[in-house]
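Asks: Last residue of the sequence shown: 968 (the numbering used here), numbering continuous. Please read through the structure below; I'll follow up with questions.
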Amino acid sequence: MTEADTITGKVYDIQGFSVHDGPGIRTTVFLKGCPLRCPWCHSPESQAFKSQLCYMDLRCIGLKSCGLCMPLCPNQAITPGACSFSQAQQTDIQTIQLDRSKCTDCGLCTDTCYSKSLFISGTDYTIEEIVERIRRDEDFFKSSGEGGVTISGGEPLCQAAFTIGILKACREIGIHTAVDTTGYADTAVIEKVLPFTDLFLYDLKHMESLPHKKVIGVPNEIILKNAKHIARSGGKLQIRIPIIPGFNDSPENMDETARFCAALGKSVTVVQLLPFHRMGSVKYQRLQQEDPMPSTDPPTAEAMQEHLKHFTALDLNVVIH
Ligand code: SF4
Ligand code: SF4
């Protein structure tokens, strides 16, 4: 048994046929845990490093028809909840209520929840199990010409040994490899990942460290340093910039971001401007968390075109999506 056989990682999703996480058709493996706290995060279940209970009340068939979860909880974290009209059953039903302060995310209640209203986000896999899953999609990678695997998160470099193990195994069998990263990692980790990574999907959120730290919780110096390091080392970067109204969308910040990307030279394959959207809102409800940005509107199409100009002016290959 090699060391790689004993390494496991915590994964919260595996998506085949992904066309938004790098070139071609890809299989994206989402790892759990992130040191950043972006208020616009559309995958709040990716933030905690531990497995977590999720609850989707719309799927609950109600205490009268089911109620199996309640007596199973060793901590009395599940109690009768509110009555509301169920479209599926065309009548009022009483669903459950979760007390997060009592829940230990043990997952016992999920065993009997056949409607999958209660489920655990975060499963441990070995490298071999993940590679086996990726290989099932090999024909699709080939048919799309340039597809492959993307390791995303969360922050995949926080589970560095697991991430490297998957990348290395995929490289050995000729599968294109990408890492979707915040860039917030030790440069030593970046160096270890570099030889096995064909493309970094690399987030840039704000060029000034103070607002970066105030809003996201961490400064940006190491992120900028690592981007330069990847470029200098011959790595390829697909830069992703979330456009967040009121945070990073000033002309000054756009201009500075564009100049930073241009300075990275030929290593930058494309810059993506990603307009803020509210599609992650429902996921906060599943964790009984408040949406940190409930009233922010997405940027207008006109505003996005204005942002684009900062990048086209420097001859960068830039797209909006
Ligand atoms: S087991 Fe699932 S469907 Fe049944 S009452 Fe509990 S949450 Fe609802
Ligand atoms: S995950 Fe465990 S502690 Fe939490 S509600 Fe379910 S049974 Fe109770």
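Think of the CB as a built atom: it goes at the ideal place given N, C-alpha and C, for glycine as much as any other residue.
Which residues does DSSP list as the beta-bridge partners of R887?
Replies: Translated into positions along the sequence shown, residue 887 becomes position 240. DSSP, once it has assigned bridges, lists D850, Q919 as partnering R887.
Asks: With respect to 7 Å, is the separation between the Cβ of G754 and the closest non-hydrogen atom of ligand 2 below this value?
Replies: As a first step, residue 754 is located in the sequence shown; it is residue number 107 there, counting from the start. Yes, the beta carbon of G754 sits closer than 7 Å to at least one heavy atom of ligand 2.
Asks: What residues in its chain sit with their C-beta under 7 Å from that of S856, if we drop five residues either side in the sequence?
Replies: Here residue 856 refers to the residue found at position 209 when the sequence shown is read from its first residue. Counting only Cβ-Cβ distances below 7 Å, and skipping sequence neighbours, we find P866, N867, E868.
Asks: With burial defined as no fewer than 16 other Cβ atoms inside 10 Å of the residue's Cβ, what is the status of G795: buried or exposed?
Replies: In the sequence shown, residue 795 corresponds to position 148, counting from 1. Classification for G795: buried.
Asks: So the beta strand (DSSP E) I822 belongs to, where does it begin and stop?
Replies: For the purposes of this step, residue 822 is taken as residue 175 along the sequence shown, with counting starting at 1. I822 -> no beta strand (DSSP E), and no H or E assigned at all.
Asks: What's the C-alpha gap between S928 and D938?
Replies: Here residue 928 refers to the residue found at position 281 of the sequence shown. Here residue 938 refers to the residue found at position 291 of the sequence shown. Each residue's Cα considered, the two are about 6 Å apart.
Asks: Between I725 and ligand 2, is the CB less than 7 Å from at least one heavy atom?
Replies: Along the sequence shown, read from residue 1 onward, the residue named residue 725 stands at position 78. Yes.
Asks: Can you give the Cα-Cα distance for D896 and G769, rounded to whole angstroms?
Replies: Residue 896 sits at position 249 when you count from the first residue of the sequence shown. Residue 769 sits at position 122 when you count from the first residue of the sequence shown. Roughly 34 Å separates the two Cα atoms.
Asks: Report the start-end ranges of each beta strand (DSSP E) in the stretch 661-696 that is 3 residues or longer and not cut off at the edges.
Replies: DSSP runs (the beta strand (DSSP E)) wholly in the stretch 661-696: 673-678.
Asks: Cβ of L920 versus every heavy atom of ligand 2: is any distance shorter than 7 Å?
Replies: By one-based count along the sequence shown, residue 920 stands at place 273. Outside the cutoff, so no.
Asks: Identify which residue in E953, A874, A724, C760 has its Cα closest to the Cα of C707.
Replies: The residue given as residue 707 occupies position 60 in the sequence shown. Among E953, A874, A724, C760, the Cα nearest to that of C707 belongs to C760.
Asks: May I have the straight-line CA-CA distance separating G882 from K872, to the nearest angstrom?
Replies: Numbered from 1 along the sequence shown, position 235 holds the residue referred to as residue 882. Numbered from 1 along the sequence shown, position 225 holds the residue referred to as residue 872. Looking at the two C-alpha atoms, the distance is approximately 14 Å.
Asks: Does the beta carbon of L715 fall short of 7 Å from some heavy atom of ligand 4?
Replies: Annotation note on ligand 4: not contained in the displayed structure, which lists ligand 1 and ligand 2 as its ligands.
Asks: Use the C-beta contact count for F732: other C-beta atoms within 10 angstroms, 16 or more gives buried, fewer gives exposed.
Replies: As a first step, residue 732 must be located in the sequence shown, where it is residue number 85. Exposed is the call here.
Asks: With a CB to CB cut of under 6 Å and the five nearest residues on each side skipped, what residues in its chain are close to S665?
Replies: Along the sequence shown, read from residue 1 onward, the residue named residue 665 stands at position 18. So the qualifying residues of the chain are R673, T675.
Asks: Out of C750, P727, K749, state which residue places its alpha-carbon closest to the alpha-carbon of T742.
Replies: Taking the first residue of the sequence shown as position 1, residue 742 is located at position 95. Closest by alpha carbon: P727.
Asks: Answer yes if the stretch 847-856 comes into contact with the stretch 826-834, meaning at least three C-beta pairs across the two stretches below 8 Å, and no otherwise.
Replies: Yes, since at least three Cβ pairs between the stretch 826-834 and the stretch 847-856 fall closer than 8 Å, the two stretches touch.
Asks: By Cβ distance, which residues of its chain are closer than 6 Å to R879, with the 5 residues on each side in sequence left out?
Replies: Translated into the one-based positions of the sequence shown, residue 879 becomes position 232. Closer than 6 Å at Cβ, skipping near neighbours: no residue.
Asks: For P727, write down the residues that DSSP places opposite it in a beta bridge.
Replies: Reading the sequence shown from its first residue, position 80 is the one you call residue 727. Answer is I743, bridged to P727.
Asks: Provide the residue span of the beta strand (DSSP E) that contains L765, from first to last.
Replies: Within the sequence shown, residue 765 is the residue found at index 118, counting from 1. From DSSP, the beta strand (DSSP E) with L765 extends over 765-768.
Asks: Can you tell me which of the three DSSP states F894 falls into?
Replies: For the purposes of this step, residue 894 is identified with residue 247 of the sequence shown, where counting begins at 1. F894: coil per DSSP, three-state reduction.
Asks: Which one of M926, V778, D845, I888 has the shortest CA to CA distance from H957?
Replies: Mapped onto the sequence shown, residue 957 falls at position 310. Out of M926, V778, D845, I888, I888 has the C-alpha closest to the C-alpha of H957.
Asks: Which residues in the same chain have their Cβ closer than 8 Å to the Cβ of V966, if we skip the five residues on either side of it in sequence?
Replies: Reading the sequence shown from its first residue, position 319 is the one you call residue 966. Around V966: V917, V918, Q919, L920.
Asks: Among all the DSSP beta bridges, which residues are the ones paired with D771?
Replies: As a first step, residue 771 is located in the sequence shown; it is residue number 124 there, counting from the start. According to DSSP, which records beta bridges pairwise, D771 is partnered with K657.
Asks: Starting from the C-beta of S690, find all residues in its chain whose C-beta is less than 7 Å away, skip the five residues before and the five after it, and write them out in chain order.
Replies: By one-based count along the sequence shown, residue 690 stands at place 43. Counting only Cβ-Cβ distances below 7 Å, and skipping sequence neighbours, we find G927, K930.
Asks: So does L765 have its beta carbon nearer than 7 Å to some heavy atom of ligand 1?
Replies: Position 118 of the sequence shown, counted from the first residue, corresponds to residue 765. Correct: L765 has its Cβ closer than 7 Å to ligand 1.
Asks: Straight-line CA distance for M854 to C685?
Replies: Reading the sequence shown from its first residue, position 207 is the one you call residue 854. Reading the sequence shown from its first residue, position 38 is the one you call residue 685. Taking the straight line joining both Cα atoms gives about 15 Å.
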